[in-house]
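A quick write-up on the structure given underneath.
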Amino acid sequence: MRITQHTMSESLMRYLRAQNEALYDRQRIIASQKRINKPSDDPIATGKILDYRQTLASIDQYQTNIQTGMTRLDVTEATLKMIDDLLQVVQAIGQSEAGEKAESRLLAAEEVKRLYNQVLDLTNTTINDNYIFAGYQTKTAPFTRDDTLPTTYDQYTVTYNGDDGDAQFIIANNTEISLDADGRPLFHDAAGGGVNLFDALRDLIVGLENNDSEAISTNSGLVNEARSQINNIRAANASVYYQLQVTERHWQDYKPKIQDLMAKEEEADITKAVVELQNLELAYQTTLATAARIIQPGLMQFLR
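Each residue of the sequence shown is one higher than the one before, counting from 969 in this note's numbering.
Below you can see the structure in the form of structure tokens.
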């Protein structure tokens, strides 16, 4: 078989193109510090990397959800503690006024009204402009009263404007926690067999204004029951908070393992890539020199 000058030239050009591609590939690896820059570099490893990235994205979302849930519980706990502290003061006033005279009770009624308003403000606490005790109605103040009505009883009667929605957070695969966002079990639970805190405070105020010792005693007791109602939910929230902490630690430990597995598939051995680049550059220069020696005689013969 006769090998022509044209055949040799074409073969050299193909070889030079292949060397150029190899040089570019090593340069890209060094620049990106990644072994895989396109799926065709290693299809099997690319599939693994995509799976790892999806896993990491899920972990990031779980961690965000956990942080959001913990923030909500932190705010809820701080709010309920302040309410409990205020109710302790109310309870102390009710107990001390049980044996006092009418004049003292009128002053006490004004103090309880002030404390009532503080409690009402706290039950309308928000996070990022969303009410935390309104169920799904997060843009609506859950507890309101109309202070323009004619009697103390009517003025201090509270209406719940939310619903029974929960705040839900997915914190792991097939694991979702629900935080009770319905404010009624905390503060307005007469229909559920508990205590309506606002009614108890209202009736205590009315009892103080009317010099009604029995009403003062009864509603002081209901305020104490309302405190227990609130503190029971605080205890339940504490167990949920612990679950969030444990899950958060799990993802903090697990995430670096996935990152390490992905790095093993994706990251390049830079030292090896540099050595390979140097060898390829030497081979490329050698091929160019060889091509020049082969092509030059052929060109001279053409010119003759």
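Cβ coordinates follow ideal geometry from the N, Cα and C atoms, glycine included.
ask   = How big is the Cα-Cα spacing for Ile1061 and Glu1144?
value = Position 93 of the sequence shown, counting from 1, holds the residue named residue 1061. Position 176 of the sequence shown, counting from 1, holds the residue named residue 1144. Each residue's alpha carbon lies about 43 Å from the other.
task = Could you please give me the residues that DSSP links to Leu1147 through a beta bridge?
result = By 1-based counting over the sequence shown, the position of residue 1147 is 179. Answer is Ala1135.
key: Which listed residue (Leu1176, Ala1158, Ile1017 and Pro1224) has its alpha carbon closest to that of Leu1075   = Position 107 of the sequence shown holds residue 1075. Taking only the C-alpha atoms, the option nearest Leu1075 is Leu1176.
ask   = In terms of alpha-carbon separation, which member of Ser1146, Lys1107, Leu1147 and Ala1102 lies closest to Thr1127?
value = In the sequence shown, residue 1127 corresponds to position 159, counting from 1. Considering only alpha carbons, the answer is Ala1102.
request  = Rank Arg1202, Leu1147, Ala1013 and Tyr1030 by C-alpha distance to the C-alpha of Arg1217 and give the top, closest one.
outcome  = If you number the sequence shown from 1, residue 1217 lands on position 249. That would be Tyr1030, whose Cα lies nearest to the Cα of Arg1217.
request  = Indicate whether Gly1151 and Phe1111 have their beta-carbon atoms separated by less than 8 Å.
outcome  = Reading the sequence shown from its first residue, position 183 is the one you call residue 1151. Reading the sequence shown from its first residue, position 143 is the one you call residue 1111. Closer than 8 Å, so yes.
query = What's the call for Ala1203, buried or exposed, on a 16-neighbour Cβ count within 10 Å?
reply = Counted from its first residue, the sequence shown places residue 1203 at position 235. Under this definition Ala1203 is an exposed residue.
task = With DSSP collapsed to three states, give me the class of Phe1101.
result = Translated into positions along the sequence shown, residue 1101 becomes position 133. Phe1101: coil per DSSP, three-state reduction.
inquiry  = Using only the alpha-carbon positions, how far apart do Val1080 and Lys1049 sit?
reply    = Position 112 of the sequence shown holds residue 1080. Position 81 of the sequence shown holds residue 1049. Rounded to the nearest angstrom, the two C-alpha atoms are 18 Å apart.
task = With a threshold of 7 Å, establish whether the CB of Leu1147 neighbours any heavy atom of the ligand GTP.
result = What this structure holds is no ligand at all, so the ligand GTP is not there to describe.
ask   = Can you pull the DSSP bridge partners for Phe1166?
value = As a position in the sequence shown, residue 1166 is number 198, starting the count at 1. Paired residue(s): none; Phe1166 is not in a bridge.
request  = Look up Thr1116 in the DSSP assignment and say whether it is helix, strand or coil.
outcome  = On the sequence shown, residue 1116 is found 148 positions in, with the first residue counted as 1. Note: Thr1116 maps to coil in three-state DSSP.
key: Separation of Asp1148 from Gly1133, as counted between CA atoms   = Residue mapping note: residue 1133 aligns to position 165 of the sequence shown, counting from 1. Residue mapping note: residue 1148 aligns to position 180 of the sequence shown, counting from 1. Straight-line Cα distance between these residues: approximately 7 Å.
task = Report yes or no: do the segment 1013–1025 and the segment 1051–1060 share at least 3 C-beta pairs separated by less than 8 Å?
result = no
request  = Report the rounded CA-to-CA distance for Gln1063 versus Thr1186, giving the unit in angstroms.
outcome  = Position 95 of the sequence shown holds residue 1063. Position 218 of the sequence shown holds residue 1186. If I take the Cα positions, the gap works out to 10 Å.
request  = Kindly indicate which three-state DSSP category Ala1140 falls into: helix, strand or coil?
outcome  = Within the sequence shown, residue 1140 is the residue found at index 172, counting from 1. Three-state DSSP puts Ala1140 in a strand.
ask   = Counting pairs of Cβ atoms below 8 Å between the segment 1035–1055 and the segment 1188–1195, do you hit three or more?
value = yes
query = When DSSP builds the beta bridges, which residues end up paired with His1156?
reply = As a first step, residue 1156 must be located in the sequence shown, where it is residue number 188. Note: His1156 sits in a beta bridge opposite Asn1164.
Residue from Ile1184, Ala1206 and Asn1141 with nearest C-alpha to Ile1027 = Taking the sequence shown and counting its residues from 1, the one referred to as residue 1027 is at position 59. Comparing Cα positions, the closest option is Asn1141.
Neighbourhood of Thr1093 by C-beta distance below 6 Å, restricted to the same chain and skipping five residues each side = Here residue 1093 corresponds to residue number 125 of the sequence shown, with the count starting at 1. Cβ neighbours of Thr1093 beyond the five flanking positions: Thr1047 and Ile1100.
request  = Could you tell me how far apart the beta carbons of Lys1084 and Ile1173 are, in whole angstroms, since I believe they sit closer than 8 Å?
outcome  = For the purposes of this step, residue 1084 is taken as residue 116 along the sequence shown, with counting starting at 1. For the purposes of this step, residue 1173 is taken as residue 205 along the sequence shown, with counting starting at 1. Note that residue 1084 corresponds to Tyr in the displayed sequence, not to Lys. The pair is a contact, with the Cβ atoms about 7 Å apart (cut-off 8 Å).
inquiry  = Just verifying my parser: in three-state terms, what is the DSSP assignment at Tyr1128?
reply    = Counted from its first residue, the sequence shown places residue 1128 at position 160. In this structure, Tyr1128 counts as strand in the three-state DSSP scheme.
request  = For Glu1045, collect the residues of the same chain with a Cβ closer than 7 Å to its Cβ; drop the 5 residues on either side in sequence, then sort them by chain order.
outcome  = Here residue 1045 corresponds to residue number 77 of the sequence shown, with the count starting at 1. Counting only Cβ-Cβ distances below 7 Å, and skipping sequence neighbours, we find Arg1202 and Asn1205.
Boundaries of the alpha helix (DSSP H) in which Asp1010 is found, first to last residue = For the purposes of this step, residue 1010 is taken as the residue at position 42 of the sequence shown. Neither: Asp1010 is in no alpha helix (DSSP H) and is coded neither H nor E.
task = Report back the beta-carbon spacing between Ile1017 and Glu1234 to the nearest angstrom; my notes put them in contact at under 8 Å.
result = Within the sequence shown, the letter at position 49 stands for residue 1017. Within the sequence shown, the letter at position 266 stands for residue 1234. Going by Cβ atoms, the distance from Ile1017 to Glu1234 rounds to 5 Å, so yes, they are a contact pair.
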